[in-house]
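Input: a single structure, listed below in structure tokens.
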Amino acid sequence: MPMRFATAIAKWLEDRTGLGAALTPILGHTVPRRTASFWYVFGSSTLALFALQVATGVCLALVYVPSADQAYQSLVYLNHGAHLGWFLRAAHFWGSNAMVLVLVVHMLQVFLFGAYKYPRELTWICGVFLLLCTLGMAFTGQVLRWDQDAYWGLGIGASIASRAPGIGPGLVHVLLGGPIIGGRTLSRFFTVHVFLVPALLMALLGLHLWLVLRLGVNEWPMPGRLVDRETYRKRYEEEVQRDGVPFFPLAARKDMIAMAAVVLAVLVCAALFGPHGPRGFPDPTVIDTAPRPDFFFLWLFALFALLPAWTETFILLVGPVVAIGFLVALPFLSGAGEKSWLRRPGSVLAALLILLAIGTLTGLGTTSPWSPLMDGWSATPVPPIYVKGRSALELRGALVLQFKQCRNCHSLGGEGGLRGPALDGVASRLTRDQLIRQVLQGGGNMPAYGKNLSPAEVTALVAFMQTLHPVDEPVARTAAGPLLGPR
Amino acid sequence: MRRGASQRAGSGAFLVLMLGFFVLGCDSLPGRPKESAEEAAQSMDFELLYATHCAGCHGADGNLGPALDLHDPVYLALVPPNRLRAVIEDGVPGTAMTAFAKERGGSLTEPQIEALVQGMLARWSDAQSLRGMALPPYAGPLGDPRRGAEVYATACGSCHGGEGRGGKKGHDIVDSSYLALVSDQALRSVVIAGRTDLGMPDWRGTRGSPLTSQQGSDVVAWLAAHRAPVVGRPIFEKPRG
Amino acid sequence: MCPNYEFATPASPSRRSFLFRLALALNGLALLLAGVPILGYLLGPLSRRAAQTWIDLGPVASFPERETRLAVYENPYRVVWDGATAKIACWVRRLEGDRFQVFAVNCAHLGCPVRWFPQSRLFMCPCHGGVYYEDGSRASGPPPRGLFEYEWAVRAGRLHVRGGQIPTLSEPV
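Chains as they are written, first to last, in this note's numbering: chain A, 4 to 490; chain B, 103 to 343; chain C, 9 to 181.
Have a look at this one:
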């Protein structure tokens, strides 16, 4: 009885809406047989993650207060007060990381399979803008986590915007919603994160999916089968006719497995590692902080540290334009010809190089060796082996090394800052004269300490550093030393 | 037929149970953030405060660092707690001990400094072991460098050499640069408390009678007499140019 | 039941095209009247580009001579919902007497908060390792210039600075 009732309702709905009749052919449309492969699941996985982000994001917005004076407290309440609020925050955070990651993998697969070529140029361009939207969501989401990282992250954003010639100052004011970071800034970013970019994302996503349906899933690239604008579409139609399989369920089941897998992975991460932050109350007068961006922007953070100063403004401003311009132009630059990665060594190499560069920069970003260790001077002890057997003067020198913040940039025994060279064994690399000169005059990216050290402090410091050499390696000496006789 | 139905009912109940557990019970998952009270307590934790603010100079465990041995019952018995607090707050001008109090440009609040003082006393002091010992007071009387020379010769010279310029076991302690970087009070503290972690004995010495308060002052006066009025920069071995 | 075409569509072609043009014009007008305020509202922060104002940092005596201290003021353009972000910090260096230097906490490289180390008399930035001397000049690292300096004045024994907007390379205080 209930079964019959349900069928009746379904029939009535179908009669009035006609959605079933409209959607069935879409679900069942034929795709090339070999595309029912796990290589083709990254797009739908990204879609699944986006759905998760929408669901968790809407839930978070039920509690979150987009007001600079209360946003932080509402996040703390989500973490501790709201039932399972921490889990939704965690899922939203890990979901954002996963979405960026899977989206990049999707893009890479599309690039290597030549799927951006004729006639799918617009699908690719649409995807490029989807990537930009996703990164935009990632950055604005980081701002909504209204903590110290968010505050100073905005400062970095404003500093970059200010470098734009001519429009810089105006851009900063429009970005921040005023002359300085404050309440107006957060409201602005909230609107961008929950209204503007999501709307744009959904519109682009609709177009993207429509184009995929209209132009067909890219066939498995075969080496030697070149794309020709005259014949491609006809050949594709013939192949699908001859050897196609229905998308649902043959290809879709692999998509569904991948979708479930990425969402489950995000949920497991959320349960195990929990939410990120909020890290420190957003009080800009608390300067005892070392701001770091979220994972997906670490490579940019690293790039800012490593670019030579004179190229910086140029690369900051021109780099994104060139990168986006190149991605948009790509299907027009190589819209036809070989699709298979086996016959496109240049493309494979370029993709590998970009991956390697971003991977390396991200790796560097996690350790950020260019940053001084702000509490290195007071938190990293002098290794006891460098204390034992030292004279009173040398011990004073070790103290000078500590309390003049040398350890913020130099390490001893593997502890301390990594900006400057490690000082273990420095005495066998530099002579006494060179040590004195380096301390007093600086150079090679080291500040000159001449005005900031008393003569006795220099003497003690150099005496201590002269003890830093391996037992079996002698202290470095000036070649002319012996000729001039004893000092 | 009946079996299938009960099986279905069973799996349904299991699913509901799992869902119930997930909705109600997963507040005990490892990812759940710690209460903020725990974080607040952390800012007053001695171990953390010491490790981030003191360990750099005084050593990871309070000793074997270039600065004074804090993990030393004799030193902690010698220095009055108020003085300990004052030194952390205001530092010792002219030496490597800098001011840590917020109002003096440092980064520690008053309760944090108190936590440091109490933490050191609770962990590293040992009044029991010094009972009955005539430990000289922290602040001493005025010393006389001439008597100090005699005290030096009998109590210190065997290690630090006849002139104080270093000997069998001890190092040069009259170097003008060294003396420019150390306060008289720090010299007195070292004479009395020693650097037992680095092999220098306390006021009881290794043989002979323990030093009195006056003798301590005298030997410090003798050391201070070696201070140079002006300490020059280190001299280059090779003339430049 | 056939519709009354006579009633639904205008009689003459010229009337038809007039109505179409009128519809276009009316919608264009509506778009303009709605769009201009929206654009103006969005670009509002540009037109109200407030100039810097003088801010009281407190009595001169609260800054010890030959020392550099963190001073805190309230951003003059604050709104009540700014919360703690209305507070802005700056480094005040008092040379001697009434001679001062007031630096923004924002690093000249990318705006991170620089920290003062009185022991080595250096400012260090925790982000990309910019280092500055006590007079604010660049010592090492990626910053393209020295620290941003506020304009200051001493009036009736109190230190005032001109501030209010985030210092950046294109608008250095």
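Ideal placement from N, C-alpha and C gives every residue a C-beta, glycine not left out. What you are looking at is a predicted structure, and each value in this text was computed from that prediction instead of being measured.
Proximity test, Cβ basis, 8 angstroms: residue i and chain C
i	result
Gly196/B	no
Thr200/B	yes
Lys327/A	Inspection of the sequence shows that residue 327/A is occupied by Ile rather than by Lys. No, Ile327/A lies away from the interface with chain C (no Cβ there is under 8 angstroms from its Cβ).
Ser431/A	no
Ala308/A	yes
Arg422/A	yes
Asn455/A	yes
Ser70/A	yes
Arg187/A	yes
Reduced DSSP secondary structure (H/G/I, E/B, other) of residue i
i	result
Leu65/C	strand
Asp150/A	coil
Cys133/C	coil
Ser253/B	Reading off the sequence, residue 253/B comes out as Val, not Ser. If DSSP states are grouped into helix, strand and coil, Val253/B belongs with the helices.
Asp163/B	coil
Leu78/C	strand
Asp274/B	strand
Val114/C	Per the sequence shown, the amino acid found at residue 114/C is Asn instead of Val. Reduced to three states, the DSSP call for Asn114/C is strand.
Gly334/B	coil
Met9/C	Unreliable placement is indicated for Met9/C, whose pLDDT of 47 sits below 50; the coordinate value is still reported in the next sentence. Correct three-state label for Met9/C: coil.
Thr211/B	coil
Glu17/A	helix
Arg342/B	Low per-residue confidence applies at Arg342/B: pLDDT is 47, beneath 50, and the placement is therefore not dependable enough to give any value.
His413/A	coil
Phe71/C	coil
Met146/B	coil
Cβ of residue i within 8 angstroms of any chain A Cβ
i	result
Thr298/B	no
Leu155/C	no
Ser279/B	yes
Asp274/B	yes
Tyr96/C	One detail in the question is off: residue 96/C reads as Ile in this sequence, not Tyr. With 8 angstroms as the cut-off, Ile96/C counts as an interface residue toward chain A.
Met103/B	Confidence at Met103/B is low in this model, with a pLDDT of 42, below 50, so its placement is unreliable and no value can be given for it.
Thr61/C	no
Cys261/B	no
Gly250/B	no
His136/C	yes
Pro303/B	no
Cys258/B	no
Residue closest to residue i, alpha-carbon to alpha-carbon, out of the options
i	options	result
Ser55/C	Lys342/A, Val289/A, Leu275/A, Gly181/A	Gly181/A
Ala326/B	Arg335/B, Gln316/B, Gly245/B, Leu300/B	Gly245/B
Pro375/A	Pro151/C, Cys133/C, Glu159/C	Cys133/C
Thr211/B	Gly301/B, Ala198/B, Asp192/B, Ser260/B	Asp192/B
Leu1/A	Gly318/B, Gly266/B, Thr308/B	The requested residue 1/A is not part of the displayed model; chain A covers only 4 to 490.
Gln76/A	His211/A, Gly283/A, Val465/A	Gly283/A
Cys62/A	Gly423/A, Ala85/A, Ser40/A, Ser70/A	Ala85/A
Ser343/A	Leu65/A, Tyr452/A, Leu229/A	Leu229/A
Arg170/C	Gln60/C, Glu142/C, Gly149/C	Gln60/C
Leu306/A	Glu104/C, His117/C, Asp143/C, Ala112/C	His117/C
Val461/A	Ser279/B, Arg110/B, Gln220/B, Leu166/B	Ser279/B
Glu159/C	Gln173/C, Ala92/C, Ala147/C	Gln173/C
Val80/C	Phe108/C, Tyr141/C, Ala92/C	Ala92/C
Ala157/B	Leu464/A, Leu138/A, Gly419/A, Phe467/A	Gly419/A
Ala451/A	Leu130/C, Glu75/C, Leu155/C	Leu130/C
Neighbour flag for residue i against chain B, beta carbons, 8 angstroms
i	result
Pro67/C	no
Trp127/A	no
Trp380/A	yes
Which residues of the segment 71-93 of chain C have a Cβ closer than 7 angstroms to any Cβ of chain B? Give them in chain order. Glu75, Arg77
Could you run through the segment 344-376 of chain A and flag, in chain order, every residue whose CB is less than 7 angstroms away from some CB of chain C? Here the close residues are Trp373, Ser374, Pro375.
Under 7 angstroms, CB to CB, which of the residues in the segment 207-231 of chain B have a partner in chain C? Gly207
Name the residues in the segment 157-168 of chain A whose C-beta lies less than 9 angstroms from a C-beta of chain C; which are they? Those residues of the segment 157-168 of chain A that come within reach of chain C (Cβ to Cβ, closer than 9 angstroms) are Leu157, Gly158, Ile159, Gly160, Ala161, Ser162, Ile163, Ala164, Ser165, Arg166, Ala167, Pro168.
Selection of the segment 399-410 of chain A by Cβ proximity to chain B, strictly under 9 angstroms: Arg399, Gly400, Ala401, Leu402, Val403, Leu404, Gln405, Phe406, Lys407, Arg410
Which parts of the segment 86-156 of chain A are runs of the alpha helix (DSSP H), unbroken and 4 residues or longer, counting only runs that do not cross its ends? 88-115, 124-147
Identify every run of the alpha helix (DSSP H) within the segment 161-236 of chain A, keeping only runs that are complete inside it and at least 4 residues long; order them along the chain. 171-179, 186-194, 200-218
For the segment 111-131 of chain C, which residues have a CB atom closer than 7 angstroms to at least one CB atom of chain B, in sequence order? Pro126, Gln127
If the cut-off is 7 angstroms on Cβ atoms, which residues from the segment 288-306 of chain A count as contacting chain B, listed in chain order? Asp291
Against chain A, which members of the segment 21-50 of chain C pass a CB distance test of less than 7 angstroms? none
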